[in-house]
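Numbering (the working numbering), first residue to last: 552 to 1008.
Notes follow once the structure below has been shown.
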Ligand code: BGP
C-alpha cells in the first residue's frame, strides 16, 4: 500500500469559464471567448460555445455535495474577472453574492477552496485596449486581485494568480488556439512579461491585504527530454526549459528571471519592454506555494533548419517523435508518468523545496458513453490506471523528500474545453448535455473516494 503524507489534498480542478455557464447573464460582461464564439462559431467543436458551460452557476449546491461524495477535501476553481468587475472598475453585487454562497457551501462541506484569478478568460473591455500586450493590463489585474481579496479574503485562504500563463501566451500569439490568434513571437514575449508583472503585482496586493492565507501560481510544466546527449540536442532541451518552464517558475519562486533566458531573448531580438522598478518588484514578491499542471513531457531535438534570429520557438527546439512513446489517442498527448518524479525532484533541488502540489493531471477521452456498464455508469478503468501510475511516481518523489502537499485531477465534472468544446471528457462525473446537464458518477469517482479515504492505495 502506498500512503501519502497526513493532510494531503485530494481533489480536482476546474475554472470559471469552463463550468459556470450564465456567461452572458447576471451582470457578467463578455470575455474573448464569448466574443470569439460570436464572431467565429465554426472554430468551436460542434459549435459548442462558452455560454452554457456545465451550469454550475445554478447547480453549485449539488456539485459541492457531489464533491464530498467522492471524498474530495479540496477544489480549485477560478473567479471570472468579467463577472466580478464587468467594466474593470465597478463591483457586480450579483457576482459577490454568487461566489460567497458557492465558497461558503464548499467550506460547510469540508472542501477547502483554492481560488484562482485568471484562467484564460480575458475580459473584452481589456482586450480592446490590447489585452496583455498593454502595460496597463498589469494595474488592471492588480486592482481586480485586490478587489477579490477584499470581497472573499475572509473565506478563502489559498489563492493563485494565474493558471498556466504560458498557455495564453503561446495559444494566443503563436499557435492560433486562443484569441487574438496571431503569430508574433516578439508580442508573445511581451504578453508573457506583462503577465508575469501582473502576477507579481497581485502577489504584492495580497501581501498588503493582510488576508490570512497563502498565495501561489499554477504553471504547466512539460519537462523537456532531449533526443540524445549531443550538445545540439541538449541545447534544444535547455532553451525549451528556459522559455517554457523557468520563464515563470524562476521569477515566481526564486525572484529572478534567469540570466540565460535574458541572453537568449537578446540574441534573438526578442527582449520585452520593461520598467525600471520591475526587477525589485519581482524579487520582493515571490510565492508561498506552486501548483503544477502535468499532462505530458516535451520531447525535443535540435532544429534542422532554424531561422536566425528565431521567429518561432521551433527555431530553438523541434519536437522529437520518440518511437517508444505511449499516447492518449484522443488528445494526442504522450502518457509518461515518470516525469512526475522528475518534476518532484526539480522542485526539491532547484526550487528550494517550496511546498507544491499537482494542480492538474488527467486523461481526456472522447465518446466515453460507449463505456457505460449495465447500470449506466461509465467504467473508466483506463483513468484509474492512469491515476495510479502517476501517483506511484509522485509518491516516489515525496519519499525522496519533495515537499508535495496534494494531488488534483482535471477534472471534477466533464467540462467545456475551449475550441474542443465537450469533445474530450475528463470528469469524475459525466455531464449529460441533452438532459439538463445531469451529473452521474463514473467508476473513477468511486475509486477516488477510496483513495482519499485511505490516503493512498
Ligand atoms: C489545461 C487547462 C485546462 C484544461 C486542461 C485539459 O491545460 O488548464 O483549462 O482544459 O488543460 O486540456 P484540454 O481541455 O485542452 O483537453
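The beta carbon of each residue, even a glycine, is placed where N, CA and C say it ideally should be.
Small disclaimer: the values here were computed from a predicted structure and weren't measured.
In terms of Cα proximity to residue 936, the closest of 716, 685, 999 is 999. Counting of Cβ neighbours within 10 angstroms places residue 1004 among the exposed residues, the total staying below 16. Remark: the C-beta of residue 688 is outside contact range of ligand 1, defined as less than 8 Å to any heavy atom. Taking the Cα of residue 566 as reference, the smallest distance to any Cα among 789, 665, 891, 801 is reached at 665. About 18 Å separates the beta carbons of residue 849 and residue 910, which is beyond the 8 Å limit, so they are not a contact pair. Counting along the chain, residue 845 sits inside no alpha helix (DSSP H), nor does DSSP assign it H or E at all. Segment contact: the stretch 793-807 against the stretch 743-753, three or more CB-CB distances shorter than 8 Å; contact assigned. Ranked by Cα distance from residue 618, the options 609, 563, 642 are led by 563. Residues of the same chain with a CB within less than 7 Å of the CB of residue 996, apart from the 5 flanking positions on each side, are 621, 979, 980 in chain order. For residue 844, the CB falls within less than 8 Å of some heavy atom of ligand 1. The C-beta distance from residue 678 to residue 583 rounds to 5 Å, short enough to meet the 8 Å contact threshold.
For the pair residue 767 and residue 718, the CB atoms are not nearer than the 9 Å cut-off. In the DSSP annotation of this structure, the continuous segment of the beta strand (DSSP E) that includes residue 992 starts and ends at 989-992. Contact check for residue 637 against residue 574 fails: the beta carbons are separated by 9 Å or more.
Between the alpha carbons of residue 686 and residue 612 lies a gap of roughly 39 Å. Summarising the contact set, residues whose Cβ lies nearer than 7 Å to any heavy atom of ligand 1 are, in chain order, 566, 569, 670, 671, 714, 715, 718, 771, 844, 846, 882, 911, 913, 915, 961, 968, 969, 971, 975, 977. Boundaries of the alpha helix (DSSP H) around residue 687: 687-703.
Distance between residue 630 and residue 944, taken at the CA atoms: about 32 Å. Residue pairing of residue 722 in beta bridges, as defined by DSSP: absent, with no partner found. Closest in C-alpha terms to residue 601, from the list 982, 992, 973, 660, comes 973. Spatial neighbours of residue 769 in its own chain (CB-CB distance under 7 Å, excluding positions within 5 residues in sequence) are listed in chain order as 667, 711, 713, 714, 715, 842, 844, 910. Here the alpha carbons of residue 587 and residue 881 stand approximately 25 Å from one another. The C-beta of residue 779 has fewer than 16 other C-beta atoms within 10 Å across all chains shown, which makes the residue exposed. Counting only runs of 4+ residues, the alpha helix (DSSP H) found wholly inside the stretch 793-838 occupies 810-818, 829-835, in chain order. Here residue 783 carries a helix assignment [DSSP, helix/strand/coil].
With a cutoff of 9 Å on beta-carbon distance, residue 742 and residue 684 are scored as near each other. Counting C-beta atoms within 10 angstroms of its own C-beta, residue 913 has 16 or more neighbours from the protein chains shown and is therefore classed as buried. Buried is the label assigned to residue 721, since at least 16 other Cβ atoms lie within 10 Å of its Cβ.
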